[in-house]
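Here the sequence shown is numbered in my numbering, starting from 84 and rising by one per residue.
All C-beta atoms, glycine included, are put in the ideal place defined by N, C-alpha and C.
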Amino acid sequence: MGSTADKVSGKANALTGKAKQEVGDATGSHKLQAKGAAQEAKGDMQQAKGNAKDAVNKAVGK
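See the structure below:
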């Protein structure tokens, strides 16, 4: 996956995870809160991966 795709997928996962956490909070579902937190963390990592790819490409002049 390219850096842009990583960032877009990451943002989507982070937002979806955040929404799941909020629904879990509203309904009292600890399971949904946990799943949302995990998905948000995955999204944050995907975004970081995309940013790292950009930094490497910039450093090597691509």
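DSSP places Gly133 within a helical segment (H, G or I) once states are collapsed to three. By alpha-carbon distance to Gln122, the top candidate from Gln104, Gly133 and Gly85 is Gln104.
The beta carbon of Asp89 sits closer than 6 Å to the beta carbons of Gln129, Lys132 and Gly133 from its chain, once the five residues preceding and following it are set aside; these are given in chain order. A straight-line Cα-Cα distance of about 34 Å links Thr99 and Val143. The C-beta of Asn140 has fewer than 16 other C-beta atoms within 10 Å across all chains shown, which makes the residue exposed.
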